[in-house]
Structure formats: C-alpha cells, structure tokens
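K.L.:
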Amino acid sequence: MPSKQTVQRQRALGGALGVVVLAFGLTYHFFPEVFHVSPEEVANPTSPITRAVPALTPARAGSVLPTAQDEINAGPPLTLAPTAVIAARLNRKSAPLPEQLSADSPAVKALIDRASKAFLAGQVAGDKNSASALYEQALSLKPDSRAAAQGLDQVRTHLIAEVTQDIAIGDSESARTQLDYLKAVPNSANDVAPLEASMKTLVEVRPMLVKAADLLQQGHADQPAGNNALELYRQVQKIDAQNPVASEGVLQVQHVVLDRALAAVAQNDFTGAENAITEAQTIQPDSPQWQQVHNQVEAIRQQRATGVLAQARSALDGGNIALAKQLAGQAQAINPQLPGIDEFEQRLTNAQLYANYKPGQVFTDRFVDMNGQSPTMLVVPTGKYMMGAPDNEQGRNDSQIPQHEVALGKGFALSQTDVTVGQFREFVRASGYKPDSVSIGGASVYDESSGVMRDDSSATWESDYAGHRAGNNLPVVNISWNDASAYVQWLSKRTGKQYRLPSEAEFEYALRGGSTTRYWWGTGTPKSKVENLTGSLDRSPSGRRWSHAFQGYGDGYWGPAPVMTFAPNAFGLFDIDGNVSEWMADCWHDNYVRAPVDGTAWVNPGCSSRVIRGGSWGSSPEQVNSAYRQGAEASVRSGRVGFRILREL
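At position 18 of the sequence shown the residue is numbered 17 (numbering that gives the first Met the number 0), and the sequence of numbers has no breaks.
1. If you check the beta carbons only, do N531 and N471 fall under 8 Å apart?
2. Looking only at C-alpha atoms, which of A174, L110, D165 and S618 sits nearest to A148?
3. Could you check whether K324 and L347 sit closer than 8 Å to each other, using their CB atoms as the reference points?
4. Alpha carbon to alpha carbon, what distance is there between D152 and K237?
5. Should S535 and E447 be called a contact, given that it needs their Cβ atoms to be closer than 8 Å?
6. Tell me which residue opens and which closes the alpha helix (DSSP H) that K108 is part of.
7. Is the distance from the Cβ of L194 to the Cβ of L208 below 8 Å?
8. Taking the alpha-carbon positions, what's the W545 to Y552 distance?
9. Reducing DSSP to helix, strand and coil, say where I611 ends up.
10. On the premise that G441 lies in contact with D454, defined as a C-beta separation below 8 Å, what is that separation, rounded to the nearest angstrom?
11. Are the beta-carbon atoms belonging to W669 and W582 less than 8 Å from one another?
12. Assuming contact is defined by CB atoms lying nearer than 8 Å, are L133 and L158 in contact in what I supplied?
13. In terms of DSSP beta bridges, what is Y671 paired with?
14. With H, G and I counted as helix, E and B as strand and the rest as coil, what does DSSP make of P243?
15. In the DSSP output, what is A228 paired with across the bridge?
16. Please work out which residues of its chain come closer than 7 Å, Cβ to Cβ, to V562, disregarding the five sequence neighbours upstream and downstream, and give them in chain order.
17. Which value, in whole angstroms, describes the spacing of the CA atoms of K633 and R609?
18. Buried or exposed: which applies to T494, given that a residue is buried once 16 or more other Cβ atoms fall within 10 Å of its Cβ?
19. Can you tell me the Cα-Cα spacing of G617 and T533, whole angstroms?
20. Just checking my contact of I85 with Q164 at CB under 8 Å: how many whole Å lie between their CB atoms?
21. Considering only the beta carbon of each residue, do L261 and S286 sit closer than 8 Å?
22. On a CA-only basis, which of A192, G558 and G125 is nearest T176? Give me that one, please.
23. Could you tell me which of P595, D585 and L96 sits nearest to G605, measuring between CA atoms?
24. Just mark A60 as buried or exposed, buried being the case when its beta carbon has 16 or more other beta carbons within 10 Å.
25. Quick one: give me the first and last residue of the alpha helix (DSSP H) that L377 is part of.
26. Looking at the structure shown, is T163 part of a helix, part of a strand, or coil, going by DSSP?
27. Quick one: residues in its chain with C-beta nearer than 7 Å to the C-beta of V529, no 5 flanking neighbours on either side, listed in chain order?
28. Given that a residue counts as buried once 16 or more other Cβ atoms are within 10 Å of its Cβ, and exposed if not, what is R593?
29. Count the other CB atoms, across all protein chains shown, that sit within 10 Å of the CB of H547; report buried if there are 16 or more and exposed otherwise.
30. Given a threshold of 16 other Cβ atoms within 10 Å of its Cβ, counted over all protein chains shown, does K526 qualify as buried or as exposed?
31. Among the residues of its own chain, which have a CB less than 6 Å from the CB of I644, if the five just before and after it don't count?
32. Under the DSSP definition of a beta bridge, which residues are partnered with Y498?
33. Is DSSP giving S449 helix, strand or coil here?
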C-alpha cells in the first residue's frame with residue numbers, strides 16, 4: 000500500500016486505477032480544488048507533522064455550486080475530505096474546559112500564541128515545537144487555562160481526523176504514526192479505542208483492497224468468478240460495511256460494466272447492452288451513474304429503433320415488402336416497446352394481404368390510357384369459413400354439400416354493387432364489344448301478363464328485367480357469362496390491375512360477412528329492408544303477388560332496384576343476396592367433393608356451364624339461402640342475372 004504522501008501525489012496527477020486512485024476520485028469529486036499540493040509540502044510520515052491545513056477554494060466564476068442533494072447523490076464519504084473538514088464535522092463532544100480562576104500570564108499567553116501558529120502551520124504534534132507540546136507546556140504552567148485546554152482539544156480533534164482519513168484511504172503507516180501522537184495527548188483514551196479497532200480492521204482488509212485494485216487494473220472487474228475485484232470488494236464490505244475504498248471500488252466495477260453496455264450499443268448490440276445494464280443494477284442499485292447510462296442507452300435505443308422503423312416505412316412505401324419486414328423486425332428487436340410499431344405491423348399486414356389497403360376500405364382505379372375509372376371497390380378481409388350448408392339446415396340440397404372449411408389467405412376487393420347499366424355502357428362504347436344479347440340476339444325477361452320469364456329476341460343488355468329501356472343506375476342484366484368475362488378483361492387493360500369474376504367460394508364468404516346463419520341477416524324474414532327480395536307485401540305493376548315469398552316482408556320493388564337502395568351486409572357490400580343473381584368464375588359441379596379449399600375458382604378447361612350465386616328480385620326464400628347455388632350455360636341471358644367484379648390485391 001503506498002504511503003499517504005504517494006496518495007497525495009497521485010491525486011494531484013490523476014493516476015491510474017487502484018485503491019489510491021479510488022480515494023482520489025472520491026476526494027476530487029467532493030472537493031475538486033483542495034488536494035493539489037506540491038511534493039515539497041509533503042513530509043516523511045515518521046517525522047513531526049508539518050501538513051498544512053488547506054483552505055477551501057472559492058468556486059470558479061460562472062460555476063454552479065452543488066446543492067446538498069447533489070453531494071448526497073455524488074456519494075464520496077466524508078472521511079476522504081480534507082482534514083480540516085473532517086475535524087469540523089466529527090460528531091465528538093469537546094473535553095470540558097476548566098474553570099479559570101485568573102488570567103493567563105504573559106508566559107502562558109506566549110506559549111498559546113506559539114502553539115496556535117504551529118497548528119496553523121501544520122506542526123500539530125510530534126516534537127517540542129508542535130502545537131500539542133506547546134499547549135501541554137502552557138497547561139503545566141497554568142492547569143486552569145481555558146485557552147490552552149481548548150487548543151489541546153483542537154489538536155486532539157485534528158489528530159482523530161487525521162487518523163480517520165488515513166484509515167479511510169488505507170495508509171496504515173501514517174495512521175499508526177498519527178495514532179501514536181494521539182495516544183500521547185492527555186485524556187485521549189476514549190478516542191483512541193475505536194480508532195485502534197478500525198486499525199485492526201484496516202490491517203485485515205488492506206491486502207484484499209490491494210489485490211482488488213490490482214485485479215481491477217488488469218481488467219478483471221467482475222470476471223472470472225472467484226478471481227475478480229467485485230468479489231473482493233464485497234468481502235471487504237462484509238468485514239467493514241462502511242469501508243469507503245470498497246464502496247468506491249464497487250462503483251468502479253459498476254462503471255466498467257456500464258462501459259460494456261455503451262460499447263455494446265456502439266455495435267448495435269442492444270441485447271448485450273441490456274444484459275450489462277441489468278448486471279450493473281445488481282452491483283449498485285439505482286446509482287446516479289447507472290441511471291445516467293441507463294437513460295443514455297434508452298435514448299440511443301429509441302433513436303436507433305425510430306430510425307430503422309423510418310427506413311422500414313420507406314421500403315414499404317417503395318413496395319419492397321421483404322425489406323420492410325426485415326427492417327421492422329430489426330426495429331422491434333432494438334426496442335420491443337417502440338411507439339408506432341403496432342401501426343406499422345398493421346400496415347405491413349395490409350401490404351402483404353391487401354396491397355396497402357385496409358379491410359373495409361373503398362377505392363377506385365383510374366384508367367391509365369383514357370378518361371374513366373373502375374366501379375367502386377371494397378376490400379374484403381381475409382379469413383376462413385364453412386362453405387356450403389350444414390347437415391341440419393332445412394331445405395339444403397346435394398349441390399350444397401359436403402360443407403367444408405375454406406381459408407382465404409389473400410385479400411381481395413369486390414365491387415360494392417353489381418355492375419350497372421351505365422358502367423357496362425361505358426365498356427361497350429370504349430371497346431366496341433358486342434354483347435351476346437346483340438350478337439346472338441335476345442334475352443329472357445319477365446312477362447307481366449303471365450307472371451313468368453319469357454324469351455324476348457329484342458331484349459338486350461340495355462333493357463331492364465321486363466325488356467324496357469333500363470336506367471343507368473340499375474344493375475345490368477340480360478348479359479351472359481361471356482359478356483361479364485369480356486368486361487373484366489377490358490377493365491384490367493384500362494387500369495393495369497387484375498380484375499376478374501369472383502370464385503363462388505370468395506362470393507359466399509363475402510355474402511355471409513362472417514355469419515353462419517341461413518341468411519346473412521339471420522334465419523328468417525328480415526326485420527328491416529335489407530335486400531330486394533320476394534316479399535308477401537310486394538306487388539307487380541298489375542297487382543300480382545309472389546306465390547312463395549318472405550311472409551310479412553315488402554321492399555317496394557318488383558324487379559331490380561337502383562343499386563345501393565338497401566342496407567349493406569357486415570362487410571359493406573350492397574345487394575349481395577338480392578336485386579340480381581351474379582355470374583361466378585367457376586364451372587358448375589354437382590357437389591363440393593374435391594372442391595378447392597383455398598378460395599380459388601373450380602375450373603375445368605372447356606366447360607360450358609358456369610355457376611350463378613346470390614338471390615335476385617324474383618328468387619324464392621330457398622334460393623336466397625347463403626349456401627344456394629345453381630348452374631347455367633355461359634351463353635344464358637336473363638333479366639334476373641347480372642354480375643359483380645373482383646380485383647386482386
């Protein structure tokens with residue numbers, strides 16, 4: 000262990016790690032100006048004491064004085080402060096002063112004056128010219144001198160402070176010398192006893208502190224187990240709980256661990272940083288330096304994670320979903336609680352499933368080569384459902400079984416309504432396409448006089464259900480599957496997007512809207528006007544009634560109604576199970592044996608019969624069932640059949 004003089008030199012020079020440096024660090028932190036002494040001022044510890052009593056240096060101009068709380072948070076023990084400060088703050092009762100019967104004689108006063116000057120000059124004890132010896136001479140001449148007794152008590156207090164400080168920094172040689180001086184001062188026995196006990200403890204822990212300082216300097220702060228500085232400092236604290244060097248050593252070990260955390264952050268290793276911070280917390284819980292580094296790492300973590308998430312957003316905006324997903328994962332790994340990560344994950348999911356749209360969102364696609372736009376499309380959420388009719392459903396038939404689960408893992412958009420006459424007219428004019436009702440001629444329309452559907456060679460796609468000219472806002476009818484297919488092919492070219500007819504699995508999923516009941520609105524007659532259905536309260540222009548209809552229901556229409564007249568289903572789709580039935584992409588199959596379970600259309604090359612789904616203005620309640628399906632030749636044109644389109648996302 001270096002001498003106290005070496006300790007002071009190392010304080011002045013800011014030496015390397017070790018017990019001495021630890022003591023310097025505390026002292027310099029608490030009293031940053033007072034330990035800069037020159038080598039000439041340091042005396043040999045075995046010679047008479049000549050240490051000057053330092054004065055506190057005023058604060059620099061513009062500096063901020065520390066508050067009492069700052070000093071508490073800083074943590075240096077008082078025993079490492081200057082001797083004068085320690086002496087002033089010792090919790091010690093002064094020796095009682097004698098009752099002075101007469102004034103001090105000139106000789107006594109001279110001795111007291113010399114003693115006072117010697118004390119101020121640092122000659123506290125050790126020879127005949129020291130303050131201690133001079134005060135004792137004065138008392139021998141006049142035992143009741145209060146000034147001499149008070150001065151000797153000041154010497155006693157100063158020596159206690161010196162010994163206390165030497166023990167604190169581990170300078171046992173100097174501490175022993177000062178303790179011998181203290182023993183020589185009359186009436187000091189009660190003060191010597193606890194210091195002797197502390198000396199004994201110092202002798203025991205000193206080798207441990209020396210080894211701990213050496214291990215700390217070698218980089219063995221907390222590793223390896225069984226041979227590191229932290230374990231030794233902990234052992235010292237078990238012996239001497241208030242040992243300031245051990246306390247500062249523990250803080251130095253924590254500092255090393257916290258440096259590891261910062262180094263890990265520099266390498267973007269936030270897991271390593273978090274592990275180091277957790278370890279540092281166990282070393283000295285909630286220390287100011289731990290709090291500072293913890294806050295610093297968290298700030299860097301937040302900044303890095305936010306920056307990476309911003310890159311992920313840019314990648315997603317640029318359509319690079321794979322890179323966006325990778326960057327989002329990195330951002331979340333850096334900071335699992337990162338604000339905005341949940342919103343981004345939703346955007347990423349939407350991008351993967353819905354091409355950056357959101358379920359329920361409506362949009363249109365503008366034409367890329369001419370004025371115009373697509374019908375309004377609605378994004379249908381992904382999901383799975385049981386397709387077909389359950390075994391216990393009344394009125395089911397063999398074409399609706401076996402019921403089977405279908406999973407739709409990719410989002411798609413359906414037109415909110417059936418394609419209207421106006422929208423189909425735009426297609427015919429722009430493309431020059433001749434629908435089958437024109438090229439082949441005619442369609443099947445409603446005959447009011449007989450109350451049944453009949454062929455009308457003059458009816459075209461521009462006609463309504465009864466063969467009269469149709470309004471632009473009515474669903475287009477009297478078109479074939481071929482006409483509907485031609486429309487979606489044209490729309491795909493105009494928009495640059497993939498449009499097609501829906502599969503019947505996609506259609507039934509969208510129709511049900513999450514329901515499992517017979518109809519999307521429930522099990523029987525609707526409570527309100529939900530669709531254009533056959534109701535017992537409806538009347539034809541000539542007063543006809545439906546022979547088989549929903550009892551007690553009336554929607555006010557005989558034949559198709561303008562689109563969006565009635566309420567949408569749970570997904571936001573209008574006229575999905577009423578108004579007009581709709582062409583599907585699938586070929587007709589008599590049942591669902593070997594049917595696809597991923598929502599794709601079931602198509603056989605060269606098939607001529609296609610699927611029609613959804614109820615119409617003239618469908619019986621059994622035909623409005625969500626599971627109902629029927630087949631028809633692709634060339635069929637009917638005043639009860641239109642179509643709805645799907646856009647792939």
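The beta carbon of each residue, even a glycine, is placed where N, CA and C say it ideally should be.
P.N.:
In short, the structure shows the following:
1. Along the sequence shown, read from residue 1 onward, the residue named residue 531 stands at position 532. Along the sequence shown, read from residue 1 onward, the residue named residue 471 stands at position 472. It is not a contact, given that the beta carbons lie outside the stated cut-off.
2. Here residue 148 refers to the residue found at position 149 when the sequence shown is read from its first residue. Closest option to A148, Cα to Cα, is L110.
3. Locating residue 347 in the sequence shown gives position 348, where the first residue counts as 1. Locating residue 324 in the sequence shown gives position 325, where the first residue counts as 1. Yes, the pair counts as a contact, with Cβ atoms nearer than the cut-off.
4. Working through the sequence shown from its first residue, we reach residue 237 at position 238. Working through the sequence shown from its first residue, we reach residue 152 at position 153. Approximately 34 Å, taken between the alpha carbons.
5. For the purposes of this step, residue 535 is identified with residue 536 of the sequence shown, where counting begins at 1. For the purposes of this step, residue 447 is identified with residue 448 of the sequence shown, where counting begins at 1. Going by C-beta atoms, S535 is not nearer than 8 Å to E447.
6. As a working mapping, residue 108 is identified with position 109 in the sequence shown. Looking at the DSSP string, the run of the alpha helix (DSSP H) that includes K108 is P105 to L119.
7. Position 195 of the sequence shown, counted from the first residue, corresponds to residue 194. Position 209 of the sequence shown, counted from the first residue, corresponds to residue 208. No.
8. In the sequence shown, the residue the question calls residue 545 occupies position 546. In the sequence shown, the residue the question calls residue 552 occupies position 553. So the two alpha carbons sit approximately 11 Å from each other.
9. Translated into the one-based positions of the sequence shown, residue 611 becomes position 612. If DSSP states are grouped into helix, strand and coil, I611 belongs with the strands.
10. Along the sequence shown, one-based indexing puts residue 454 at 455. Along the sequence shown, one-based indexing puts residue 441 at 442. Their Cβ separation, rounded to whole angstroms, is 6 Å, which keeps D454 and G441 in contact under 8 Å.
11. Only positions 0 to 648 of the chain appear in the structure, and residue 669 is not among them; the question remains open.
12. Locating residue 133 in the sequence shown gives position 134, counting from the first residue. Locating residue 158 in the sequence shown gives position 159, counting from the first residue. Not closer than 8 Å, so no.
13. Coverage of the chain is limited to positions 0 through 648, which leaves residue 671 absent and any answer about it impossible.
14. Here residue 243 refers to the residue found at position 244 when the sequence shown is read from its first residue. The three-state reading of DSSP puts P243 in helix, counting H, G and I together.
15. Indexing the sequence shown from 1 puts residue 228 at position 229. According to DSSP, which records beta bridges pairwise, A228 is partnered with nothing at all.
16. Locating residue 562 in the sequence shown gives position 563, where the first residue counts as 1. Hits under 7 Å: T416, D417, T419, N472, P474, F573 and D574.
17. For the purposes of this step, residue 633 is taken as residue 634 along the sequence shown, with counting starting at 1. For the purposes of this step, residue 609 is taken as residue 610 along the sequence shown, with counting starting at 1. At residue 633 the sequence reads Ala, which differs from the Lys that was named. If you take the alpha carbons of A633 and R609, they lie about 6 Å apart.
18. For the purposes of this step, residue 494 is identified with residue 495 of the sequence shown, where counting begins at 1. Buried, because 16 or more other Cβ atoms sit within 10 Å of the Cβ of T494.
19. For this step, residue 617 is matched to residue 618 along the sequence shown. For this step, residue 533 is matched to residue 534 along the sequence shown. Rounded to whole angstroms, G617 to T533 spans 6 Å at the Cα level.
20. Start at 1 with the first residue of the sequence shown, and residue 85 comes out as number 86. Start at 1 with the first residue of the sequence shown, and residue 164 comes out as number 165. Contact flag correct, Cβ pair sits at about 6 Å.
21. Within the sequence shown, numbered from 1, the residue matching residue 261 stands at position 262. Within the sequence shown, numbered from 1, the residue matching residue 286 stands at position 287. Not a contact, by the Cβ cut-off of 8 Å.
22. Position 177 of the sequence shown, counted from the start, is the residue given in the question as residue 176. Taking only the C-alpha atoms, the option nearest T176 is G125.
23. Stepping through the sequence shown from its first residue, residue 605 is reached at position 606. That would be D585, whose Cα lies nearest to the Cα of G605.
24. Stepping through the sequence shown from its first residue, residue 60 is reached at position 61. At A60 the pLDDT is 34, less than 50, meaning the model places this residue with poor confidence; the figure from the coordinates comes in the next sentence. Flag for A60 reads exposed.
25. By one-based count along the sequence shown, residue 377 stands at place 378. For L377, no alpha helix (DSSP H) run applies; the uninterrupted beta strand (DSSP E) run containing it begins and ends at M376 to V379, by DSSP.
26. The residue you call residue 163 lines up with position 164 of the sequence shown. If DSSP states are grouped into helix, strand and coil, T163 belongs with the helices.
27. Indexing the sequence shown from 1 puts residue 529 at position 530. Within the same chain, V529 has close Cβ partners W520, F565 and A566.
28. Translated into positions along the sequence shown, residue 593 becomes position 594. Exposed: under 16 other Cβ atoms inside 10 Å.
29. Mapped onto the sequence shown, residue 547 falls at position 548. H547 is exposed by the Cβ-count criterion.
30. Your numbering for residue 526 matches position 527 in the sequence shown. Per the 10 Å Cβ criterion, exposed.
31. Here the question's residue 644 lines up with position 645 in the sequence shown. Counting only Cβ-Cβ distances below 6 Å, and skipping sequence neighbours, we find S414, V487 and Y498.
32. The residue you call residue 498 lines up with position 499 of the sequence shown. According to DSSP, which records beta bridges pairwise, Y498 is partnered with R646.
33. Here residue 449 refers to the residue found at position 450 when the sequence shown is read from its first residue. Note: S449 maps to coil in three-state DSSP.
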